[in-house]
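>
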Amino acid sequence: MNTKNSTKSKDYADYYLKKFNIWYRKVLPVDVPFSFIAKRACCGKILDIGCGPGRYLKFFKNAVGVDHNKIFIEYAKKNGFEAYLINEFKHKFDSLLFDTLLFSHILEHMNFENAILLIKEYLPYLNKNGRIVIVLPDGKSYHNDPTHVLNFTPVEVKLLAKELGLTFKKVFYHPFPKAFGKWLVNDAIYILTF
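According to the working numbering, the sequence shown holds residues 294 to 487 in order.
1. For the region 390 to 405 and the region 343 to 354, state whether three or more C-beta atom pairs, one from each stretch, are separated by less than 8 Å.
2. So, for Gly423: in the same chain, excluding its five sequence neighbours on each side, which residues have a beta-carbon less than 8 Å away from its beta-carbon?
3. Which residues share a DSSP beta bridge with Pro430?
4. Measure the CB-CB distance between Met403 and Val442 and report whether it falls below 7 Å.
5. With a threshold of 16 other CB atoms inside 10 Å of the CB of Val325, please say whether the residue is buried or exposed.
6. Cα-Cα, which of Lys303, Pro430, Val428, Asn355 is closest to Asn362?
7. So if DSSP puts Ser395 in a beta bridge, which residue, or which two residues, is it bridged to?
8. With C-beta atoms as the reference, is Ala334 less than 7 Å away from Ile427?
9. Can at least three beta-carbon pairs, one atom from the region 352 to 360 and one from the region 370 to 387, be found at a separation below 8 Å?
10. Any heavy atom of the ligand FAD within a distance shorter than 6 Å of the CB on Gly423?
11. For Lys371, which residues in the same chain have their Cβ closer than 8 Å to its Cβ, ignoring the five residues on either side in sequence?
12. Let me confirm a value: Ala408 is counted as buried when at least 16 other C-beta atoms fall within 10 Å, else exposed. Which label applies?
13. Let me know the secondary structure DSSP gives Asn254 once reduced to three states.
14. Are the CB atoms of Thr300 and Thr440 within a distance shorter than 7 Å?
15. Quick one, are the C-beta atoms of Ser388 and Phe352 less than 7 Å apart?
16. With DSSP collapsed to three states, give me the class of Met294.
17. Can you tell which of Glu456, His436, Gly347 has its C-alpha closest to the C-alpha of Asp480?
18. Look up Lys421 in the DSSP assignment and say whether it is helix, strand or coil.
19. Report yes if the C-beta distance between Val478 and Ser434 is below 7 Å; otherwise report no.
20. I'd like to check one pair, Ala331 with Tyr349: are the Cβ atoms closer than 7 Å?
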(Lines of atoms letter the chains of each structure in order from A and count residues from 1; the text may use other names and numbers.)
(Lines give C-alpha, C1' and ligand atoms only; values in the text may rest on other atoms or scores of the structure.)
Protein backbone atom coordinates (compact mmCIF):
# COMPACT_ATOMS: atom_id res chain seq x y z
CA MET A 1 0.00 0.00 0.00
CA ASN A 2 1.26 3.47 -0.88
CA THR A 3 0.90 5.53 2.29
CA LYS A 4 2.23 8.77 0.81
CA ASN A 5 -1.29 9.93 -0.03
CA SER A 6 -2.60 8.59 3.25
CA THR A 7 -6.31 7.98 3.88
CA LYS A 8 -7.53 10.03 0.91
CA SER A 9 -5.89 7.78 -1.69
CA LYS A 10 -7.33 4.99 -3.80
CA ASP A 11 -4.61 2.71 -2.38
CA TYR A 12 -5.88 3.29 1.15
CA ALA A 13 -9.52 2.76 0.13
CA ASP A 14 -8.58 -0.52 -1.59
CA TYR A 15 -6.54 -1.64 1.44
CA TYR A 16 -9.36 -0.81 3.88
CA LEU A 17 -12.20 -2.21 1.77
CA LYS A 18 -10.31 -5.49 1.38
CA LYS A 19 -10.19 -5.78 5.18
CA PHE A 20 -13.77 -4.48 5.53
CA ASN A 21 -15.18 -7.03 3.05
CA ILE A 22 -13.24 -10.07 4.24
CA TRP A 23 -15.32 -13.25 3.98
CA TYR A 24 -15.78 -13.95 7.69
CA ARG A 25 -17.48 -10.56 8.21
CA LYS A 26 -20.27 -11.87 6.01
CA VAL A 27 -20.80 -15.15 7.88
CA LEU A 28 -19.86 -14.34 11.49
CA PRO A 29 -21.51 -11.68 13.69
CA VAL A 30 -18.23 -9.79 14.18
CA ASP A 31 -19.96 -6.39 14.19
CA VAL A 32 -22.39 -7.22 17.01
CA PRO A 33 -20.04 -6.06 19.81
CA PHE A 34 -19.21 -2.89 17.84
CA SER A 35 -22.90 -2.16 17.35
CA PHE A 36 -23.52 -2.58 21.07
CA ILE A 37 -20.69 -0.27 22.09
CA ALA A 38 -21.55 2.34 19.44
CA LYS A 39 -25.16 2.48 20.63
CA ARG A 40 -23.95 2.77 24.22
CA ALA A 41 -21.63 5.69 23.45
CA CYS A 42 -23.64 7.63 20.84
CA CYS A 43 -27.10 9.14 21.13
CA GLY A 44 -29.63 11.09 19.06
CA LYS A 45 -28.74 12.34 15.60
CA ILE A 46 -25.17 11.28 14.83
CA LEU A 47 -22.53 12.76 12.54
CA ASP A 48 -19.83 10.20 11.77
CA ILE A 49 -16.75 12.20 10.75
CA GLY A 50 -14.36 10.01 8.76
CA CYS A 51 -17.16 7.52 8.16
CA GLY A 52 -15.18 5.47 5.66
CA PRO A 53 -17.42 2.93 3.90
CA GLY A 54 -20.08 3.19 6.61
CA ARG A 55 -19.08 0.68 9.27
CA TYR A 56 -20.71 2.70 12.06
CA LEU A 57 -23.48 4.22 9.90
CA LYS A 58 -25.13 0.82 9.67
CA PHE A 59 -25.66 0.76 13.43
CA PHE A 60 -27.89 3.85 13.55
CA LYS A 61 -31.18 4.92 11.97
CA ASN A 62 -30.42 8.62 12.39
CA ALA A 63 -26.83 9.05 11.21
CA VAL A 64 -24.98 11.00 8.55
CA GLY A 65 -21.44 10.30 7.41
CA VAL A 66 -18.74 12.59 6.03
CA ASP A 67 -15.34 11.60 4.66
CA HIS A 68 -12.62 13.00 2.40
CA ASN A 69 -12.22 9.75 0.46
CA LYS A 70 -14.51 9.73 -2.58
CA ILE A 71 -14.33 5.93 -2.93
CA PHE A 72 -15.57 5.45 0.64
CA ILE A 73 -18.46 7.88 0.12
CA GLU A 74 -19.50 6.13 -3.11
CA TYR A 75 -19.35 2.77 -1.31
CA ALA A 76 -21.41 4.06 1.64
CA LYS A 77 -24.05 5.58 -0.66
CA LYS A 78 -24.20 2.38 -2.73
CA ASN A 79 -25.04 0.56 0.51
CA GLY A 80 -27.88 2.94 1.35
CA PHE A 81 -26.18 5.27 3.83
CA GLU A 82 -26.45 9.04 3.91
CA ALA A 83 -22.85 10.08 3.34
CA TYR A 84 -21.12 13.11 1.86
CA LEU A 85 -17.77 14.43 0.82
CA ILE A 86 -16.69 17.32 3.07
CA ASN A 87 -17.72 20.17 0.74
CA GLU A 88 -21.09 18.53 -0.03
CA PHE A 89 -21.76 18.14 3.69
CA LYS A 90 -20.93 21.75 4.54
CA HIS A 91 -23.28 23.05 1.83
CA LYS A 92 -26.16 20.82 2.93
CA PHE A 93 -26.17 20.98 6.74
CA ASP A 94 -26.70 23.75 9.28
CA SER A 95 -24.97 24.18 12.61
CA LEU A 96 -26.24 22.81 15.95
CA LEU A 97 -27.94 19.91 14.20
CA PHE A 98 -26.29 16.84 15.73
CA ASP A 99 -26.42 15.26 19.20
CA THR A 100 -23.23 13.22 18.73
CA LEU A 101 -20.07 13.83 16.74
CA LEU A 102 -18.36 10.47 16.22
CA PHE A 103 -14.65 10.43 15.37
CA SER A 104 -14.01 6.70 15.02
CA HIS A 105 -10.51 5.65 14.02
CA ILE A 106 -9.66 8.99 12.44
CA LEU A 107 -7.60 11.07 14.89
CA GLU A 108 -4.73 8.58 15.00
CA HIS A 109 -4.12 9.39 11.32
CA MET A 110 -2.95 12.94 12.17
CA ASN A 111 -0.79 14.89 14.58
CA PHE A 112 -2.17 16.52 17.73
CA GLU A 113 -2.56 19.99 16.17
CA ASN A 114 -4.49 18.65 13.17
CA ALA A 115 -6.74 16.62 15.48
CA ILE A 116 -7.65 19.85 17.29
CA LEU A 117 -8.32 21.62 13.99
CA LEU A 118 -10.50 18.77 12.73
CA ILE A 119 -12.65 18.68 15.86
CA LYS A 120 -12.95 22.49 15.84
CA GLU A 121 -14.12 22.32 12.23
CA TYR A 122 -17.12 20.16 13.22
CA LEU A 123 -17.95 21.58 16.68
CA PRO A 124 -20.42 24.11 15.20
CA TYR A 125 -22.57 21.16 14.06
CA LEU A 126 -22.93 19.83 17.63
CA ASN A 127 -25.86 21.07 19.69
CA LYS A 128 -25.10 22.55 23.11
CA ASN A 129 -26.16 19.40 25.00
CA GLY A 130 -24.32 17.09 22.61
CA ARG A 131 -21.33 14.83 23.04
CA ILE A 132 -18.19 13.94 21.17
CA VAL A 133 -17.28 10.27 20.95
CA ILE A 134 -13.70 9.48 19.99
CA VAL A 135 -12.78 5.88 19.19
CA LEU A 136 -9.05 5.17 19.01
CA PRO A 137 -6.96 2.04 18.65
CA ASP A 138 -5.54 0.87 21.95
CA GLY A 139 -2.27 -0.96 22.38
CA LYS A 140 -1.62 -3.55 19.66
CA SER A 141 -4.38 -2.12 17.46
CA TYR A 142 -2.40 1.05 16.81
CA HIS A 143 0.21 -0.90 14.84
CA ASN A 144 -2.32 -2.51 12.45
CA ASP A 145 -2.37 0.42 10.00
CA PRO A 146 0.74 1.97 8.45
CA THR A 147 -1.00 5.36 8.08
CA HIS A 148 -1.31 5.86 11.85
CA VAL A 149 0.62 8.94 12.99
CA LEU A 150 -0.09 9.46 16.71
CA ASN A 151 -0.91 6.85 19.35
CA PHE A 152 -3.30 8.87 21.54
CA THR A 153 -3.41 7.94 25.22
CA PRO A 154 -5.87 9.21 27.86
CA VAL A 155 -3.32 11.95 28.65
CA GLU A 156 -3.41 13.27 25.07
CA VAL A 157 -7.19 13.04 24.89
CA LYS A 158 -7.50 15.03 28.14
CA LEU A 159 -5.14 17.66 26.68
CA LEU A 160 -7.22 17.68 23.50
CA ALA A 161 -10.40 18.26 25.52
CA LYS A 162 -8.75 21.08 27.48
CA GLU A 163 -7.50 22.76 24.27
CA LEU A 164 -11.03 22.63 22.85
CA GLY A 165 -12.76 23.85 26.03
CA LEU A 166 -14.49 20.50 26.45
CA THR A 167 -14.98 18.26 29.47
CA PHE A 168 -13.43 14.78 29.52
CA LYS A 169 -16.31 12.61 30.80
CA LYS A 170 -15.03 9.05 30.60
CA VAL A 171 -13.06 6.41 28.78
CA PHE A 172 -13.87 2.74 28.39
CA TYR A 173 -12.28 -0.06 26.41
CA HIS A 174 -13.75 -2.46 23.90
CA PRO A 175 -14.05 -5.37 23.38
CA PHE A 176 -11.57 -6.17 26.14
CA PRO A 177 -10.35 -4.40 29.30
CA LYS A 178 -7.34 -2.13 28.73
CA ALA A 179 -4.78 -4.67 29.97
CA PHE A 180 -5.63 -7.01 27.06
CA GLY A 181 -4.76 -4.31 24.50
CA LYS A 182 -1.10 -5.36 24.72
CA TRP A 183 -1.93 -8.64 22.99
CA LEU A 184 -5.34 -8.25 21.33
CA VAL A 185 -6.99 -5.80 18.96
CA ASN A 186 -8.76 -3.32 21.23
CA ASP A 187 -10.34 0.15 21.15
CA ALA A 188 -10.47 3.02 23.61
CA ILE A 189 -13.74 5.01 23.55
CA TYR A 190 -13.64 8.55 24.95
CA ILE A 191 -16.64 10.77 25.69
CA LEU A 192 -16.28 14.56 25.79
CA THR A 193 -18.95 17.21 26.37
CA PHE A 194 -19.25 20.99 26.59
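Every residue, glycine too, gets a C-beta built ideally from N, C-alpha and C.
If we stick to the structure as given:
1. In short, these stretches touch, since the Cβ pair count reaches three.
2. As a working note, residue 423 is residue 130 in the sequence shown. Correct list, in chain order: Gly337, Phe391, Asp392, Thr393, Leu394, Thr486, Phe487.
3. The residue given as residue 430 occupies position 137 in the sequence shown. Answer is Asp480, bridged to Pro430.
4. As a working mapping, residue 403 is identified with position 110 in the sequence shown. As a working mapping, residue 442 is identified with position 149 in the sequence shown. The answer is yes: Cβ separation under 7 Å.
5. Translated into positions along the sequence shown, residue 325 becomes position 32. The residue in question, Val325, is exposed, as its Cβ has fewer than 16 Cβ neighbours within 10 Å.
6. Along the sequence shown, one-based indexing puts residue 362 at 69. The candidate whose alpha carbon is nearest that of Asn362 is Lys303.
7. Translated into positions along the sequence shown, residue 395 becomes position 102. Contrary to the premise, residue 395 reads as Leu rather than Ser in this sequence. BP columns for Leu395 point to Asp341, Val426.
8. Position 41 of the sequence shown, counted from the first residue, corresponds to residue 334. Position 134 of the sequence shown, counted from the first residue, corresponds to residue 427. Taking 7 Å as the Cβ cut-off, Ala334 and Ile427 do not qualify as a contacting pair.
9. Touching, per the Cβ criterion.
10. Here there are no bound small molecules, and the ligand FAD is not part of this structure.
11. As a working note, residue 371 is residue 78 in the sequence shown. Cβ neighbours of Lys371 beyond the five flanking positions: none.
12. Position 115 of the sequence shown, counting from 1, holds the residue named residue 408. Flag for Ala408 reads buried.
13. Absent from the structure is residue 254, since the part of the chain shown begins at 294 and ends at 487.
14. Taking the first residue of the sequence shown as 1, we reach residue 440 at position 147. Taking the first residue of the sequence shown as 1, we reach residue 300 at position 7. Here Thr440 is near Thr300, since their CB atoms are less than 7 Å apart.
15. In the sequence shown, residue 388 corresponds to position 95, counting from 1. In the sequence shown, residue 352 corresponds to position 59, counting from 1. Phe352 is positioned such that its CB atom lies no closer than 7 Å to that of Ser388.
16. The residue you call residue 294 lines up with position 1 of the sequence shown. Below a pLDDT of 50, predicted positions are generally treated as unreliable, and Met294, at 46, falls in that range; the measurement from the model is reported next regardless. The answer is coil: DSSP assigns Met294 none of H, G, I, E or B.
17. Numbered from 1 along the sequence shown, position 187 holds the residue referred to as residue 480. Residue His436 is the option with its Cα nearest to Asp480.
18. Residue 421 sits at position 128 when you count from the first residue of the sequence shown. In the structure shown, Lys421 sits in a strand (DSSP, three-state: E or B).
19. Within the sequence shown, residue 478 is the residue found at index 185, counting from 1. Within the sequence shown, residue 434 is the residue found at index 141, counting from 1. A distance below 7 Å separates the beta carbons of Val478 and Ser434.
20. One-based indexing of the sequence shown puts residue 349 at position 56. One-based indexing of the sequence shown puts residue 331 at position 38. Yes; because the gap between Cβ atoms is below 7 Å, this pair is in contact.
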